[in-house]
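J.: My questions will all concern the structure given below.
In the numbering used here, the protein residues as written are 583 to 871.
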């Protein structure tokens, strides 16, 4: 598949039926377009099977509840719809995007309780999220934008509106020749990249930010389990910016990113070391098991 995402061959599951890709459209007065009343999941299928599929479907429903709407499909129905999309697409290795939103209806102000909740699922081929970074390590900028306090947003929802500052941060990073940006949180602690969680290695032990104000990724949780199975000590804690200089290795985790080594963050450099390579390779094996 190539070209603009609105002009491709194929089908998208939309509100319970398969729709021609080019016809999967919404009205300009869709509430989500104006007020970001939308949640989504990014998932990857390997050899025809979506990794941790049910966990993604469950999180999608939880995210919707956190931003005050209910998806009109059960987890089982969402699972069946994703399977239908994969079968119809003819793809065995694919990125799967499930999205639910408040549509166009009787309300067109901030409130939207009378508007229908809609849902769609699409799948397409998507290679390495950071290109050749899996070999040499991604280069990250440091964003000026910070992950906000959970008192200001539902920070554990995978909600579209929370990604606005991520888009801005990534655009700035790309303009500097970087792959992504690392963000601090509202207190000044290391938080995450724009669409991936972050891990560091020092003296054979792993350190990763406590996800108390950002998404505790499914891939993040998987990798922590892999590390603990290897009897490697994992510190989930607040990490200060000045600690970056002392870390030896670094990697990112996410459904799209998978496990991607990091070679540089701002002025700080990291080696693509043996533990980073081992976790990246082991993750690739795990998702295809």
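C-beta atoms are modelled at their ideal positions from N, C-alpha and C, and glycine is treated no differently.
Three-state secondary structure (DSSP) at residue 628?
T.: Looking up residue 628 in the chain shown gives position 46. DSSP places residue 628 in strand when its eight states are reduced to three.
J.: So within the region 657-700, which uninterrupted beta strand (DSSP E) runs reach at least 3 residues, ignoring any that extend past its ends?
T.: 676-684
J.: Count the CB pairs spanning the region 682-698 and the region 724-739 that are closer than 8 Å, and state whether there are at least three.
T.: no
J.: Could you tell me which uninterrupted beta strand (DSSP E) segments, each at least 3 residues in length, are contained entirely in the region 700-769, listed from first to last along the chain?
T.: 720-729, 762-767
J.: Determine contact between the region 752-761 and the region 801-808, defined as no fewer than three beta-carbon pairs at a distance below 8 Å.
T.: no
J.: How far does the alpha helix (DSSP H) with residue 804 in it reach, from first residue to last?
T.: Sequence index remark: in the chain shown, residue 804 carries index 222 (1-based). Here the alpha helix (DSSP H) through residue 804 covers 800-811.
J.: Rounding to the nearest angstrom, what Cα-Cα distance links residue 605 and residue 676 in this structure?
T.: Here residue 605 is taken as the residue at index 23 of the chain shown, counted from 1. Here residue 676 is taken as the residue at index 94 of the chain shown, counted from 1. For residue 605 and residue 676, the distance between alpha carbons rounds to 21 Å.
J.: By Cβ distance below 8 Å, which residues in the same chain neighbour residue 862 in space, the five residues on each side in sequence not counted?
T.: Position 280 of the chain shown, counted from the start, is the residue given in the question as residue 862. Closer than 8 Å at the Cβ level, and outside the excluded window around residue 862, lie 716, 833, 840, 841, 842, 843.
J.: Using DSSP bridges, identify the partner residues of residue 602.
T.: Numbered from 1 along the chain shown, position 20 holds the residue referred to as residue 602. Bridge pairing for residue 602: 593 [DSSP].
J.: Put residue 850 into one of helix, strand or coil per three-state DSSP.
T.: For the purposes of this step, residue 850 is taken as the residue at position 268 of the chain shown. Here residue 850 sits in strand by DSSP.
J.: Between residue 543 and residue 674, which are expected to be in contact by the criterion C-beta below 8 Å, what is the C-beta distance as a whole number of angstroms?
T.: In the structure as shown, the chain starts at 583 and stops at 871, and residue 543 therefore has no counterpart that could be examined.
J.: Quick one: what does DSSP say residue 819 is sitting in, helix, strand or coil?
T.: Here the question's residue 819 lines up with position 237 in the chain shown. Here residue 819 sits in strand by DSSP.
J.: Could you tell me whether the region 741-754 touches the region 706-713, where touching means 3 or more Cβ pairs closer than 8 Å?
T.: By the Cβ rule, the region 741-754 does not count as touching the region 706-713, because fewer than three pairs are nearer than 8 Å.
J.: How about residue 772 and residue 780: do their beta carbons lie closer than 8 Å?
T.: Taking the chain shown and counting its residues from 1, one reaches residue 772 at position 190. Taking the chain shown and counting its residues from 1, one reaches residue 780 at position 198. Yes. Within cutoff.
J.: Give the secondary structure of residue 858 by DSSP, where H, G and I count as helix, E and B as strand, and everything else as coil.
T.: By one-based count along the chain shown, residue 858 stands at place 276. Reduced to three states, the DSSP call for residue 858 is helix.
J.: Looking at the unbroken alpha helix (DSSP H) that takes in residue 773, where does it start and where does it end?
T.: Counting from one through the chain shown, the residue named residue 773 turns up at place 191. Counting along the chain, residue 773 falls outside any alpha helix (DSSP H), though it belongs to the beta strand (DSSP E) covering 772-775.
J.: Assign residue 853 to buried or exposed, taking buried as 16 or more other Cβ atoms, counted over all protein chains shown, within 10 Å of its Cβ.
T.: Counting from one through the chain shown, the residue named residue 853 turns up at place 271. Answer is exposed; the Cβ neighbour count stays below 16.
J.: Among 855, 720, 751, 703, which residue has its Cα nearest to the Cα of residue 624?
T.: For the purposes of this step, residue 624 is taken as the residue at position 42 of the chain shown. If we check each option's Cα against that of residue 624, 703 comes out closest.
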